[in-house]
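If you're matching them up, the sequences are chains A and B in order.
Numbered according to the UniProt record's numbering, the first sequence spans residues 1 to 130.
Numbered according to the UniProt record's numbering, the second sequence spans residues 1 to 117.
C-beta atoms are modelled at their ideal positions from N, C-alpha and C, and glycine is treated no differently.
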Amino acid sequence: MIVVSVVASVLLAVAAVLAIVRLERGPSMLDRTVAFDVLTTTLVGAIAIEAAWSRRTETIPILVVLALVGFVGSVVIARFASVEPEGEGRIRTAEEVAAEEAERQAALETERESVTDAEHHGGGANGEVR
Amino acid sequence: MEDQGFWVTVADVVAAVCLLLGAFFSFSAGVGVLRFGNLLARMHAVAKPQVLGLILLLTGVALRLHSWPATTMLALVVIFQLLTSPVAAHMVGRAGIRTGKVSENDLEVDELTNPPR
Numbered sequence: 001m002i003v004v005s006v007v008a009s010v011l012l013a014v015a016a017v018l019a020i021v022r023l024e025r026g027p028s029m030l031d032r033t034v035a036f037d038v039l040t041t042t043l044v045g046a047i048a049i050e051a052a053w054s055r056r057t058e059t060i061p062i063l064v065v066l067a068l069v070g071f072v073g074s075v076v077i078a079r080f081a082s083v084e085p086e087g088e089g090r091i092r093t094a095e096e097v098a099a100e101e102a103e104r105q106a107a108l109e110t111e112r113e114s115v116t117d118a119e120h121h122g123g124g125a126n127g128e129v130r
Numbered sequence: 001m002e003d004q005g006f007w008v009t010v011a012d013v014v015a016a017v018c019l020l021l022g023a024f025f026s027f028s029a030g031v032g033v034l035r036f037g038n039l040l041a042r043m044h045a046v047a048k049p050q051v052l053g054l055i056l057l058l059t060g061v062a063l064r065l066h067s068w069p070a071t072t073m074l075a076l077v078v079i080f081q082l083l084t085s086p087v088a089a090h091m092v093g094r095a096g097i098r099t100g101k102v103s104e105n106d107l108e109v110d111e112l113t114n115p116p117r
């Protein structure tokens with residue numbers, strides 16, 4: 001039984017690694033969903049092999065939960081996140097991040113300078129104070 | 001007593017075969033999801049070999065455990081998988097077609113853009 005468990009575990013581990021490679025490559029969100037589905041089911045299989053090897057039943061409820069949660073994940077992504085704006089999935093370079101940060105700082109600075117109303121210089125209080 | 005031991009051994013051997021076959025099918029799903037060229041082919045790898053592999057793995061576990069409560073829960077997992085896997089595959093495929101991630105050259109029959117009469 002130990003040999004069977006080891007061989008099956010190795011097969012499942014290779015499957016999980018291949019799914020992770022696809023998860024990283026993409027190219028679209030839906031491909032990642034599909035790869036994540038494989039990963040979840042492989043996890044279910046790994047827990048099942050552990051239960052079969054040790055003849056213990058404590059881990060079986062985890063399988064039920066994983067089977068349901070994996071489904072919810074892929075359906076939610078397919079329903080709500082399948083439309084990807086152009087270029088959003090890309091990791092920005094350091095220069096782009098720095099440029100965006102500088103732009104944000106400049107906008108903040110001009111906003112701060114444009115605020116010159118009386119309230120900010122100790123103007124009189126409006127309304128009745130009880 | 002002797003007889004019972006024999007049947008336990010038989011169940012263990014069948015369970016071992018089921019576990020190995022199930023792990024192999026899961027492995028083939030992993031290979032498919034990495035190697036296949038387009039979204040719908042990858043979806044096929046998830047929807048079919050993966051579910052068969054999982055059913056075989058869980059059958060192996062049930063044969064090893066000899067426990068009715070555990071077997072009931074494993075049957076529940078299989079039922080959930082059989083119910084949810086087609087739904088998930090359908091939603092992924094529909095979202096893929098609607099967002100233009102499926103090229104028309106990959107399709108033999110395109111009933112969504114050319115409905116049959």
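C-alpha distance - residue i paired with residue j, whole-angstrom precision
i: residue 52/A; j: residue 31/A; result: 32 angstroms
i: residue 71/B; j: residue 59/B; result: 9 angstroms
i: residue 35/A; j: residue 44/B; result: 12 angstroms
i: residue 57/B; j: residue 100/B; result: 36 angstroms
i: residue 50/A; j: residue 5/A; result: 8 angstroms
i: residue 69/B; j: residue 63/A; result: 14 angstroms
i: residue 13/A; j: residue 103/A; result: 46 angstroms
i: residue 42/B; j: residue 67/A; result: 20 angstroms
i: residue 7/B; j: residue 64/B; result: 11 angstroms
i: residue 38/B; j: residue 102/B; result: 8 angstroms
i: residue 15/B; j: residue 98/A; result: 59 angstroms
i: residue 11/B; j: residue 19/A; result: 32 angstroms
i: residue 112/A; j: residue 33/B; result: 53 angstroms
i: residue 31/B; j: residue 21/A; result: 10 angstroms
i: residue 77/B; j: residue 72/A; result: 14 angstroms
i: residue 9/B; j: residue 49/B; result: 28 angstroms
i: residue 3/A; j: residue 26/A; result: 35 angstroms
i: residue 110/A; j: residue 101/A; result: 15 angstroms
i: residue 75/B; j: residue 92/A; result: 47 angstroms
i: residue 18/B; j: residue 62/B; result: 10 angstroms
Cutoff 8 angstroms: residue i Cβ touching any chain B Cβ
i: residue 83/A; result: yes
i: residue 6/A; result: no
i: residue 22/A; result: yes
i: residue 18/A; result: yes
i: residue 45/A; result: yes
i: residue 94/A; result: no
i: residue 2/A; result: no
i: residue 35/A; result: yes
i: residue 28/A; result: yes
i: residue 108/A; result: no
i: residue 99/A; result: no
i: residue 102/A; result: no
Any C-beta of chain A under 8 angstroms from that of residue i
i: residue 88/B; result: yes
i: residue 75/B; result: no
i: residue 46/B; result: yes
i: residue 82/B; result: no
i: residue 54/B; result: yes
i: residue 109/B; result: no
Supposed contact pair residue j and residue i - C-beta distance, whole angstroms, cut 8 angstroms
i: residue 51/B; j: residue 81/B; result: 6 angstroms
i: residue 45/A; j: residue 54/B; result: 6 angstroms
i: residue 26/B; j: residue 41/A; result: 7 angstroms
i: residue 131/A; j: residue 47/A; result: Because chain A spans 1 through 130 in this model, residue 131/A falls outside it and cannot be assessed.
i: residue 10/A; j: residue 20/B; result: That belief does not hold up - the Cβ atoms of residue 10/A and residue 20/B are roughly 11 angstroms apart, past 8 angstroms.
i: residue 73/B; j: residue 61/A; result: 6 angstroms
Chain D contact for residue i (CB, 8 angstroms cutoff)
i: residue 20/A; result: This model lacks chain D altogether; the protein chains it does include are A and B.
Inset, instruction - Could you please tell me which residues of the stretch 51 to 84 of chain A, in chain order, have their CB closer than 7 angstroms to any CB of chain B? - result: 51, 52, 55, 57, 60, 61, 63, 64, 67, 68, 71, 74, 75, 78, 79, 82, 83
Legend entry - Members of the stretch 1 to 17 of chain B that neighbour chain A once the beta carbon cut-off is set at 8 angstroms: 12, 15, 16
Inset, instruction - Using a Cβ-Cβ cut-off of less than 7 angstroms, give me the residues of the stretch 91 to 103 of chain B that come near chain A, in sequence order. - result: 91, 92, 95, 96, 99, 101
Inset, instruction - Would you list, in chain order, the members of the stretch 28 to 41 of chain B that have their beta-carbon closer than 7 angstroms to a beta-carbon of chain A? - result: 29, 30, 31, 33, 34, 39
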